[in-house]
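Protein chains: 2
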Amino acid sequence: MTDTNSPSPSRRSLLGWGGAGLALGAAAAGGAVAMARTEDATEPAGSAIAFHGAHQAGIATPVQDRLHFAAFDVTTDDREAFVRLLKDWTEAARRMTAGHAVGEGAYGGLAEAPPDDTGEALGLKPSRLTLTIGFGPSLFEKFGLTDRRPEALVDLPKFAGDNLDKNRSGGDLCIQACADDPQVAVHAVRNLARIGFGKVVIRWSQLGFGKTSSTTPEAQTPRNLMGFKDGTRNIAGTETDRLKKFVWVDEKDEPAWMAGGSYLVARRIRMHIETWDRTSLQEQEDIFGRDKGEGAPVGKAKERDEPFLKAMKPDAHVRLAHPDSNHGATILRRGYSFTDGTDGLGRLDAGLFFLAYQRDVRKGFIPIQRSLAADALNEYIQHVGSALFAVPPGVRDKDDWWGRTLFSKEA
Amino acid sequence: MTDTNSPSPSRRSLLGWGGAGLALGAAAAGGAVAMARTEDATEPAGSAIAFHGAHQAGIATPVQDRLHFAAFDVTTDDREAFVRLLKDWTEAARRMTAGHAVGEGAYGGLAEAPPDDTGEALGLKPSRLTLTIGFGPSLFEKFGLTDRRPEALVDLPKFAGDNLDKNRSGGDLCIQACADDPQVAVHAVRNLARIGFGKVVIRWSQLGFGKTSSTTPEAQTPRNLMGFKDGTRNIAGTETDRLKKFVWVDEKDEPAWMAGGSYLVARRIRMHIETWDRTSLQEQEDIFGRDKGEGAPVGKAKERDEPFLKAMKPDAHVRLAHPDSNHGATILRRGYSFTDGTDGLGRLDAGLFFLAYQRDVRKGFIPIQRSLAADALNEYIQHVGSALFAVPPGVRDKDDWWGRTLFSKEA
Chain E
1 MTDTNSPSPS RRSLLGWGGA GLALGAAAAG GAVAMARTED ATEPAGSAIA FHGAHQAGIA
61 TPVQDRLHFA AFDVTTDDRE AFVRLLKDWT EAARRMTAGH AVGEGAYGGL AEAPPDDTGE
121 ALGLKPSRLT LTIGFGPSLF EKFGLTDRRP EALVDLPKFA GDNLDKNRSG GDLCIQACAD
181 DPQVAVHAVR NLARIGFGKV VIRWSQLGFG KTSSTTPEAQ TPRNLMGFKD GTRNIAGTET
241 DRLKKFVWVD EKDEPAWMAG GSYLVARRIR MHIETWDRTS LQEQEDIFGR DKGEGAPVGK
301 AKERDEPFLK AMKPDAHVRL AHPDSNHGAT ILRRGYSFTD GTDGLGRLDA GLFFLAYQRD
361 VRKGFIPIQR SLAADALNEY IQHVGSALFA VPPGVRDKDD WWGRTLFSKE A
Chain U
1 MTDTNSPSPS RRSLLGWGGA GLALGAAAAG GAVAMARTED ATEPAGSAIA FHGAHQAGIA
61 TPVQDRLHFA AFDVTTDDRE AFVRLLKDWT EAARRMTAGH AVGEGAYGGL AEAPPDDTGE
121 ALGLKPSRLT LTIGFGPSLF EKFGLTDRRP EALVDLPKFA GDNLDKNRSG GDLCIQACAD
181 DPQVAVHAVR NLARIGFGKV VIRWSQLGFG KTSSTTPEAQ TPRNLMGFKD GTRNIAGTET
241 DRLKKFVWVD EKDEPAWMAG GSYLVARRIR MHIETWDRTS LQEQEDIFGR DKGEGAPVGK
301 AKERDEPFLK AMKPDAHVRL AHPDSNHGAT ILRRGYSFTD GTDGLGRLDA GLFFLAYQRD
361 VRKGFIPIQR SLAADALNEY IQHVGSALFA VPPGVRDKDD WWGRTLFSKE A
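Chains as they are written, first to last, in full-length UniProt numbering: chain E, 1 to 411; chain U, 1 to 411.
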């Protein structure tokens, strides 16, 4: 480089993100670059979501536009090495959600080493990135933690119509990356996978290109790939009482290490798009129990009008999924539409990647899904992937780390 | 519905898009919904790209954020039926790019019929949607058009390192859908596929989640999944002279029906992400011939500084791809990053879906790609899909249609 000793203004602004941690000498040594995504040296762009808190971000957080979800298997049986990974991941997640790159600000200063960060999110905004970790049932076997496995972390029963692919199901742990920019979400999962090299391996992953749920009370419910709004009365991130009742594990619940956490059900639901598209409007609306244009329940005018369930057909989706049909069972939905190209028959491999959070899956997803065995929609969908994760409480401060309440002896 | 005879204000605004074409009676009949994506009844939101023009939109148009690309095979041998399809597609493309739904404004008014539009883009903005059609070499066999096949529409030679999957290659025709909202792009391809039912079938398709090229002169070049900026001196949509010289087929070129068109090369390039991520910064920068942070060519300070090719290693990517190494060969790039989940070994199935437009592929992509046989980057990438399409000129007005200059006897 010609001018490493007198960086140009744009280069200076690129280098100027972190102040304290940054060795300008590394830049002068050539080849080093700084890793800030923001122009402003002192304050990241406004669109960063706080990483620290009593609960993990990415649950009650207003739903971002895009998703990259990854399930991992743990390949080490060294508990200390795994705990070290959880701490390294936490630090990387703290940086990436703030809009910074992984690592100490420059590429470690060493041109001879691989860069700490893969670089494709350089120059992009924080984009409301959230990273949420969950632990699957199989993790508890690996490290002699079976006595700490929550009773609520059941093995999900087989549901009517399930056609699960084991290569799209399960996993020792998961990372849910949500962001308004897909490149930021993909970058985050890739860098966590890279940090975990030799200790974890991605079992399966799923990109979601369009959110199908809102956790913002005044927002329009986004449409799924059937063209319908669904899940209108989703729990909003501002509804403290409903979150406490239906989403967050309480201090009085067992086990104590899960207090402030939640349980996540992930289901890959393939839609038979081409068949659906040949179905009459009347039948489509009967099946959902809503009109297609406005999203109003049968007999009502507006999407958010209270549904009158008995006006719907007995097998209507809204009717069967409604809390009144399930002893009040209520879940927080955060699903995304996916399209993974085309299958061998020229049909879109598309559908809904369903994500739901709840305080207890035995009082949330399981009874609702059992009720949906009668759903008229089942003719047009198929569940092809499934996983359940215990989502631990939030990382409270800069010294805390993902999973501490489970793995730390003091907890 | 309770109030179809006195629509509520929000419903009225939903119904009020098209004025002339809209039968309010259909709404009163129940179940019918209007198909506007914009609040304003008279003017679509500002972010619609003009569909009519001498050239198709989606080539020189400033690159949108997201892509859904589909290659189709034609399953009918009825030329008239196929021409009818091209006309139907044109009308649907005209509507969707303007932010309207497919069909006559309501769901055909008939609750007993499938809706004209699948509905998932209802309420979304036009999102700068462009739809661009191209014709593959095999199409000319199907309808006795071999005498009209352009000489420039060659069968691409095999290049060093090619590992092409025929299920991700070729196609009788293609649709490139670009938009800032992926749901709008996916909706467009899905609805065109649906209109083509029985005449065409999707052969393969590809989603791109992040653009890797810019056709806006002042814009920063976006980064690819290797974390680098590439293709800095891309042709800008405002560079009329370079577009005329390198992209648009001229009136003096053969065949006449292609005047105003272009040729599109599509290549699915898988990146060996995990291997790349373990490569030193110095080696990465040597391979590209740029620094990673700023994107400046070797020995220079800024991305857009003129590269000094002899300062780079002989096998550096920038050096080998540069027009000066290829007798001036220049192409317009519009590629997108893709991530299609994970392969069976836990590696990201990710890379670059390369899209390049040029006036003559024999003077554009082919010599450049031959030159890249020596590219140091080849250790980290593999071309796994390939297709070439003749992209006809633009649709000039409301009576014109995609492919008229090829199929119409008057042309």
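Beta carbons are placed, not taken as given, at the ideal position from N, Cα and C, and that holds for glycine.
A Cβ-Cβ contact shorter than 8 Å links Ser-337/E with Gly-208/E.
In the structure shown, Trp-257/E falls within a helical segment according to DSSP collapsed to helix, strand and coil.
Take the alpha-carbon of Ala-70/E and the one of Arg-203/E: they are about 7 Å apart. When 8 Å is used as the limit between beta carbons, Ala-113/U is near these residues of chain E: Ser-280, Leu-281, in chain order. Rounded to the nearest angstrom, the Cβ distance from Arg-267/E to Gly-385/E is 7 Å, consistent with a contact under 8 Å. In the three-state reduction of the DSSP assignment, Ala-296/U falls in the coil class.
Counting only runs of 4 or more residues that sit fully inside the UniProt domain "Dyp-type peroxidase N-terminal" (56-209) of chain U, the alpha helix (DSSP H) segments are 79-97, 137-142, 182-195, in chain order. Within a 10 Å sphere around the beta-carbon of Asp-277/U sit 16 or more other beta-carbons, which makes this residue buried.
In terms of CA proximity to His-68/U, Leu-348/E leads the group Leu-355/E, Gly-403/E, Gln-369/E, Leu-348/E.
Contact between Tyr-380/U and Thr-275/U is confirmed by a C-beta separation of about 6 Å, below the 8 Å threshold.
Runs of the alpha helix (DSSP H) lying entirely within the segment 222-280 of chain E, each at least 4 residues long, are 273-276 in chain order.
Assigned with DSSP and collapsed to three states, Thr-330/E falls in coil, not helix or strand. Residues of chain E with a Cβ closer than 8 Å to the Cβ of Phe-209/U are, in chain order, Arg-66, Pro-182, Gln-183, Val-186, Leu-207, Phe-209. Looking at the DSSP output, Phe-354/E shares a beta bridge with Arg-267/E. The beta carbon of Gln-176/U does not come within 8 Å of any beta carbon belonging to chain E, so the residue lies off that interface. At least one C-beta of chain U is nearer than 8 Å to the C-beta of Thr-342/E. Taken through DSSP and simplified to helix, strand or coil, Lys-313/E comes out as coil. Of all residues in the segment 84-98 of chain E, none comes within less than 8 Å of chain U when Cβ atoms are compared.
For Leu-388/E, the enclosing beta strand (DSSP E) stretches over residues 381-391. Take the alpha-carbon of Arg-370/U and the one of Leu-156/U: they are about 11 Å apart.
If you ignore the 5 residues before and after Val-184/E, its C-beta comes within less than 7 Å of the C-beta of Ala-121, Leu-124, Ser-127, Leu-129, all in its own chain and listed in chain order. For Gly-103/E, no Cβ of chain U is located within less than 8 Å of the residue's own Cβ. When the five nearest sequence neighbours on each side are left out, the beta carbons in the same chain lying within less than 8 Å of the beta carbon of Thr-215/E are those of Ala-60, Thr-61, Pro-62, Val-63, Asn-234, Ile-235, Ala-236, Gly-237, Leu-332, Arg-334, in order along the chain.
Straight through space, the alpha carbons of Gly-58/E and Pro-182/U are spaced by roughly 21 Å. Taking C-beta atoms as the reference points, Ala-311/U and Gly-364/U fail to come closer than 8 Å. Chain U places no beta carbon closer than 8 Å to that of Asp-400/E, leaving this residue out of the contacts. For the 8 Å CB-CB criterion, Ala-316/E and Ile-287/E form a contact. If you draw a straight line from the Cα of Ala-48/E to the Cα of His-100/E, it comes to about 10 Å. Chain E has a Cβ within less than 8 Å of the Cβ of Glu-120/U.
DSSP, read as helix, strand or coil, puts Thr-405/U in helix. Within the DSSP secondary-structure output, Phe-338/U pairs in a beta bridge with Gly-351/U.
For the C-beta of Ile-287/E, not a single chain U residue is nearer than 7 Å; the gap to the nearest is close to 13 Å. Annotation for Pro-307/E: no alpha helix (DSSP H) segment contains it, and DSSP assigns it neither H nor E. In this structure, the CA atom of Ser-262/U is about 16 Å from the CA atom of Arg-396/U. By the neighbour-count definition (other C-beta atoms within 10 Å, threshold 16), Phe-308/E is an exposed residue. Residue burial is scored here from C-beta neighbours: His-327/U has fewer than 16 other C-beta atoms within 10 angstroms and is therefore classed as exposed.
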